[in-house]
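Below: the structure, in C-alpha cells.
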Ligand code: TYM
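Set out below in C-alpha cells:
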C-alpha cells in the first residue's frame with residue numbers, strides 16, 4: 002500500500018517488436034489502472050540479455066518500448082515507467098532471492114524449457130534464474146497485483162512461493178502479490194496455428210500481428226489467418242481459429258463473444274476476417290501516430306526517464322534495505 006492505494010507492478014521484455022498479444026494481454030489493460038493503483042511499469046532489459054542482443058539495436062528497442070508504453074496511452078506522470086537496469090536494487094534483491102529458491106522449482110518452469118530448446122547453444126544460468134529476477138521486480142515494489150497474460154502465471158506462482166517462504170522465516174517483509182488477468186485477450190493465439198500463443202519470436206511472419214504493422218499488413222495477415230471449414234462464426238473450442246478471432250474482436254470492441262456471433266451470423270469468414278483486421282488497424286493507428294511524434298521529442302522522453310528512474314529507485318531501495326537488515330547484513334556506517 003503506497004499513498005493509500007494498492008500497488009501494481011508489471012513490465013515487458015525489451016526485445017523484438019511487441020505483438021497484438023502483448024497489447025491485448027497486457028498493455029491495453031494497464032491503461033485504466035492508474036486511478037485505482039500506484040503503478041510501476043518496467044522496461045525489462047535485464048531479462049532481455051538471457052538471449053544474445055546486438056547492443057545498438059537493443060538500446061534502441063528498449064527506448065522504443067518505453068516510448069510505446071506512453072504512445073499507447075500510459076501517462077508517464079501518473080504511472081512510473083522506467084528501465085529495470087537503471088535501478089540496481091533489482092539485481093541485488095534477485096541475488097538474495099536466489100538463495101531462497103530451489104533448483105527443483107526452477108526446473109519446472111515451462112518458459113525455461115521452451116527457451117532452452119530454442120536457444121540450445123546458449124542455455125545460460127540467467128535463463129534458469131529468470132523467474133527469480135521477475136520475483137525481485139514484483140516484490141521490491143510490494144505489489145498487490147500484477148497484470149499479465151496467462152503465459153506468465155507460472156512465474157507469478159513462484160513469486161508468491163518465494164515471498165511466502167521468505168516471510169515465513171523473517172516475518173511480514175513482502176506483500177504476496179495476486180495475478181490480474183484481463184477478461185478477454187489474456188491469451189491471444191497465433192494466426193497460423195491457433196493452438197499456440199501469438200509470440201514475437203514466431204518464425205512465420207503471418208502468425209503474429211506486430212504492434213507497428215501498418216494497416217495493409219494487418220488486414221493481409223488477418224485475411225490469411227487459419228480457420229476451418231465449418232463456415233460459421235461460432236465461439237467454441239472446436240473452432241480454435243475463429244474463437245481466437247472472436248476473442249481479438251471482443252477485446253478490441255468491448256463486445257461479448259455472443260454479440261459477435263450475432264453480428265456475423267450468416268456472414269462468410271472473409272467478411273469477418275476483414276472486420277477484425279479493420280478494428281485492430283483502427284485501434285493501432287493513433288498509437289503509431291503518437292509513437293512517431295514522441296520519438297522526435299528526445300528531451301521529453303529523457304526527462305521522463307530521469308524522473309521515473311529516481312522514483313522507482315526510491316521505492317525499491319526501501320524494500321531492499323529492509324531485506325538486507327532481515328537477512329543480517331552489517332549496517333552501513335554513515
Ligand atoms: P513478455 O515480454 O513476454 O510479455 C509481456 C506481457 O504480454 C503478455 N503476453 C500475452 N498476452 C496474451 N496473449 C499473448 N499471446 C501474449 N504474449 C505475451 C505476457 O503475459 C506479459 O504480461 N517475464 C515477463 C516480463 C517481466 C514481468 C516482470 C512481467 C519481467 N518482470 C514483472 C510482470 C512483472 C515477460 O517475458 O513478458
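In our numbering, the protein residues as written are 2 to 335. Backbone N, C-alpha and C define an ideal beta-carbon position, used for all residues, glycine too.
Cβ-heavy atom distance, residue i to the ligand TYM, below 8 Å
i, result
"residue 207", "no"
"residue 316", "no"
"residue 331", "no"
"residue 200", "yes"
"residue 172", "no"
"residue 20", "yes"
"residue 289", "no"
"residue 138", "yes"
"residue 87", "no"
"residue 73", "no"
"residue 250", "no"
"residue 184", "no"
"residue 253", "no"
"residue 13", "yes"
"residue 70", "no"
"residue 148", "yes"
Residues near residue i in its chain [Cβ-Cβ closer than 6 Å; skip 5 each side]
i, result
"residue 73", "28 and 288"
"residue 6", "38 and 39"
"residue 114", "none"
"residue 12", "42, 43 and 45"
Own chain residues within Cβ distance below 7 Å of residue i, not counting five before or after
i, result
"residue 296", "68"
"residue 31", "11, 42, 75 and 148"
Residue range of the unbroken alpha helix (DSSP H) whose run includes residue i
i, result
"residue 254", "241 to 254"
"residue 155", "154 to 171"
"residue 180", "Per DSSP, residue 180 belongs to no alpha helix (DSSP H); it is in the beta strand (DSSP E), 179 to 181."
"residue 337", "Residue 337 is absent from the structure shown; the chain starts at 2 and stops at 335."
"residue 275", "270 to 296"
"residue 20", "Note, residue 20: premise wrong, no alpha helix (DSSP H); not H, not E."
"residue 105", "104 to 108"
Run of the beta strand (DSSP E) containing residue i, from where it starts to where it stops
i, result
"residue 202", "Unbroken run through residue 202: none, as it is neither H nor E."
"residue 83", "80 to 84"
"residue 318", "Counting along the chain, residue 318 falls outside any beta strand (DSSP E), though it belongs to the alpha helix (DSSP H) covering 299 to 328."
"residue 175", "First-last for residue 175: undefined, no H or E at that position."
"residue 113", "First-last for residue 113: 111 to 119, but that is the alpha helix (DSSP H), not the beta strand (DSSP E)."
"residue 41", "38 to 45"
Short Cβ contact (9 Å threshold) for residue i with residue j
i, j, result
"residue 128", "residue 117", "yes"
"residue 274", "residue 218", "no"
"residue 197", "residue 211", "no"
"residue 159", "residue 101", "no"
"residue 235", "residue 192", "no"
"residue 338", "residue 172", "With the chain represented from 2 up to 335, any question about residue 338 goes unanswered, as that position is not in the structure."
"residue 98", "residue 163", "yes"
"residue 144", "residue 176", "yes"
Nonlocal neighbours in the same chain, by C-beta distance under 8 Å from residue i, ignoring five residues either side
i, result
"residue 249", "21, 25, 186, 189, 277 and 281"
"residue 321", "90, 93, 94 and 141"
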